[in-house]
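K.L.:
If you count the sequence shown from 1, position 102 lands on 102 in full-length UniProt numbering, and the numbers rise without skipping.
All C-beta atoms, glycine included, are put in the ideal place defined by N, C-alpha and C.
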Amino acid sequence: MNRFHAVLAILGMIASIAQAEIVQINTPMGPFVPGGTATVTWTTDDSPNASSEVQIEAVSRDSSSVLQVANASPNARNVVWKIPNDIGGGTWFLRVNGASSPLFSGDFKVNGKNGSAPSNSSNNNNNNHNDKKPDDKKPANDKKQQQQDNNNNSNAKPSSDRKPAAATGGAGTLSIAAGLASLPVIALAGAQLL
Numbered sequence: 001m002n003r004f005h006a007v008l009a010i011l012g013m014i015a016s017i018a019q020a021e022i023v024q025i026n027t028p029m030g031p032f033v034p035g036g037t038a039t040v041t042w043t044t045d046d047s048p049n050a051s052s053e054v055q056i057e058a059v060s061r062d063s064s065s066v067l068q069v070a071n072a073s074p075n076a077r078n079v080v081w082k083i084p085n086d087i088g089g090g091t092w093f094l095r096v097n098g099a100s101s102p103l104f105s106g107d108f109k110v111n112g113k114n115g116s117a118p119s120n121s122s123n124n125n126n127n128n129h130n131d132k133k134p135d136d137k138k139p140a141n142d143k144k145q146q147q148q149d150n151n152n153n154s155n156a157k158p159s160s161d162r163k164p165a166a167a168t169g170g171a172g173t174l175s176i177a178a179g180l181a182s183l184p185v186i187a188l189a190g191a192q193l194l
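#1: DSSP on N85, reduced to helix/strand/coil?
#2: Figure out for me which residue from N114, G112, N111 and D107 has the closest Cα to the Cα of P28.
#3: Among the residues of its own chain, which have a CB less than 7 angstroms from the CB of I14, if the five just before and after it don't count?
#4: Would you decide whether D149 is buried or exposed? Buried here means 16 or more other CB atoms lie within 10 Å of its CB.
#5: Ends of the beta strand (DSSP E) at A76?
#6: Report the three-state DSSP secondary structure of V33 (helix, strand or coil).
#7: Taking a contact to mean a Cβ-Cβ separation below 7 angstroms, would you say F93 touches V69 in this structure?
#8: Give me, in chain order, the residues of the same chain whose beta-carbon lies closer than 6 angstroms to that of G30; leave out the 5 immediate sequence neighbours on both sides.
#9: Determine, using beta carbons only, whether S63 and G88 come nearer to each other than 7 angstroms.
#10: Taking the C-alpha atoms as reference points, what is the distance between S159 and R95?
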């Protein structure tokens, strides 16, 4: 019986030190300035993760530069990133390695070295991309397609291909809860929603 209690005690200790799995990296709200800081936050589930640390990187959409943000325990749920003084301005996203599959934040802006806002580059989308690779981009629409999209967006019924609405994830972050399918609803004056 003593061995049974010893085994239970060991299993209890292992369970208490198990790391949660990161399921979502939140998008920092920029623009940020070189030399400043950004709080990077994430959401975890309760399942144990074989990795005791994950690697968080910042990746430039404009130059494909990759910067080390931190190595962190999933249970920490946040880290403060000291943005390098020599970081290139433009559009960036975060990548988490060491989770069961790579996770990606949405895009955020970093101002240039002189503090000026970055030029309007690549993708200005602040939604999380946890289920997409970072270089998945939609082709540019022509004018006819844009007009059709504008007409579709004015309908009262939500479209099933729209992205989920964003929700605030705490001070300085924007997040989309993983697995939720909330769709924006546009109500027109006098229109009846179905």
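P.N.:
The short version:
#1: Your numbering for residue 85 matches position 85 in the sequence shown. Under the three-state reduction of DSSP output, N85 falls in the coil class, being neither helix nor strand.
#2: Counted from its first residue, the sequence shown places residue 28 at position 28. With distances taken between Cα atoms, P28 lies closest to D107.
#3: Residue mapping note: residue 14 aligns to position 14 of the sequence shown, counting from 1. A caution first: I14 carries a pLDDT of 44, below 50, which makes its placement in the model unreliable, though a value can still be read off. Excluding residues within five positions, none has a Cβ falling inside 7 angstroms.
#4: Position 149 of the sequence shown, counting from 1, holds the residue named residue 149. Confidence at D149 is low in this model, with a pLDDT of 41, below 50, so its placement is unreliable and no value can be given for it.
#5: Indexing the sequence shown from 1 puts residue 76 at position 76. Premise fails: A76 is in no beta strand (DSSP E) and is neither H nor E.
#6: If you number the sequence shown from 1, residue 33 lands on position 33. Note: V33 maps to coil in three-state DSSP.
#7: By one-based count along the sequence shown, residue 93 stands at place 93. By one-based count along the sequence shown, residue 69 stands at place 69. Judged by their CB atoms, F93 and V69 are not nearer to each other than the 7 angstroms cut-off.
#8: Here residue 30 corresponds to residue number 30 of the sequence shown, with the count starting at 1. Same-chain partners within the cutoff: F108 and K109.
#9: Along the sequence shown, read from residue 1 onward, the residue named residue 63 stands at position 63. Along the sequence shown, read from residue 1 onward, the residue named residue 88 stands at position 88. Closer than 7 angstroms, so yes.
#10: Indexing the sequence shown from 1 puts residue 159 at position 159. Indexing the sequence shown from 1 puts residue 95 at position 95. Residue placement at S159 is flagged as unreliable, the pLDDT there being 34, under the threshold of 50; the coordinate-derived value follows with that caveat. Going by the C-alpha atoms only, they are around 29 angstroms apart.
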